[in-house]
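S.K.: The sequence shown runs -13 to 214 under our numbering. My questions will all concern the structure given below.
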Amino acid sequence: MADPAPNSPDRPRLEPMALAAFLVALVLGWCPLTGLVAIVLAAIALRRIRRPGVARTGNGLAIAAMVIATGILFTEGWLLGELQTEVQESMEEQAVVSIEASMTVLPAVAAEWDERSTPPSENERAQFARQIAAKAGAVRQVTVTRRSVEGLTDPTVSTAFNASCERGTVFGNATFATVPATLPPKLVLRSIEVEFAGVREQLPAADAGPTAPPTLAPAAPLPDPSTP
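Written as structure tokens, this is what we have:
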């Protein structure tokens, strides 16, 4: 029997939705939104191809589009989850190192402070560490209990922590700034406040309030011109 002519009405046609789904998944599947669009187009194509009384091809293209788009979505989700875990672990590690260094008299690695604000002087940092050592002893372990991030353009990380020391547990809060264009974000210490046995210490020290401008002594009154 002779093959049917190319333009024969009995020859199945390629389902355009299947081709569109395959191209979208292959070219634009890296974007989650277009990946979902490719899956929807593939599902519509399969439904139209399998409709009774319709002779259309493209079943393989539609299935391939669904497999490609689904695989890309799952891979991106896994990579984003890994990146989020890495960022969280890096931020917690940096916070612990900075907090422990700021509370230690002679730290192995000095805490890095935010130069965009007003960092404390070396004497203030040393005095803060000596005060903690005199009351609570040497720091043994720092544990982060809570962390929150505020701001979009200039994120600020607030961290609550417990520091296990020789003579008890020190509770405190530390605030960090993030260095722009770093991933995982680099944290630099902006302020730290601790409490032990009801006594609070803060670095930088709380401002005593705005300094009043110097006042000049009142001038002596001028003599009355009518007085001889």
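Here a beta-carbon is modelled for each residue, glycine too, at the ideal position from N, C-alpha and C.
Less than 7 Å between C-beta atoms, sequence neighbours within five positions excluded: which residues of the same chain meet that for residue 55?
M.R.: On the sequence shown, position 69 is the one that residue 55 refers to. Cβ neighbours of residue 55 beyond the five flanking positions: 11, 15, 21, 24 and 25.
S.K.: Quick one, are the C-beta atoms of residue 126 and residue 146 less than 9 Å apart?
M.R.: The sequence position of residue 126 within the sequence shown is 140, counting from 1. The sequence position of residue 146 within the sequence shown is 160, counting from 1. No, Cβ-Cβ distance for residue 126 and residue 146 is not below 9 Å.
S.K.: Identify which residue in 121, 162, 168 and -1 has its Cα closest to the Cα of residue 184.
M.R.: What you label residue 184 is simply residue 198 of the sequence shown in a count that begins at 1. Checked all of 121, 162, 168 and -1; the closest Cα to residue 184 is 121.
S.K.: Would you identify the three-state DSSP class for residue 68, choosing helix, strand or coil?
M.R.: Position 82 of the sequence shown, counted from the start, is the residue given in the question as residue 68. Residue state, collapsed to three classes: helix.
S.K.: So, using beta-carbon positions, are residue 158 and residue 180 closer together than 9 Å?
M.R.: One-based indexing of the sequence shown puts residue 158 at position 172. One-based indexing of the sequence shown puts residue 180 at position 194. Result yes, Cβ atoms of residue 158 and residue 180 sit closer than 9 Å.
S.K.: Report the three-state DSSP secondary structure of residue 176 (helix, strand or coil).
M.R.: Start at 1 with the first residue of the sequence shown, and residue 176 comes out as number 190. Strand at residue 176.
S.K.: Which parts of the stretch 106 to 193 are runs of the alpha helix (DSSP H), unbroken and 4 residues or longer, counting only runs that do not cross its ends?
M.R.: 108 to 122
S.K.: Quick one: what's got a C-beta closer than 6 Å to residue 51's C-beta in the same chain, skipping five residues either side?
M.R.: Working through the sequence shown from its first residue, we reach residue 51 at position 65. For residue 51, where only same-chain residues beyond five positions count, the Cβ hits under 6 Å are 7, 8, 11, 24 and 28.
S.K.: With distance defined between alpha-carbon atoms, name the residue in 58, 85 and 49 nearest to residue 150.
M.R.: As a first step, residue 150 is located in the sequence shown; it is residue number 164 there, counting from the start. The shortest C-alpha separation from residue 150 is found at 85.
S.K.: Let me make sure I understand the geometry here. Which of 140, 156 and 88 has the alpha-carbon closest to that of residue 103?
M.R.: The residue given as residue 103 occupies position 117 in the sequence shown. Ranking 140, 156 and 88 by Cα distance to residue 103 puts 140 first.
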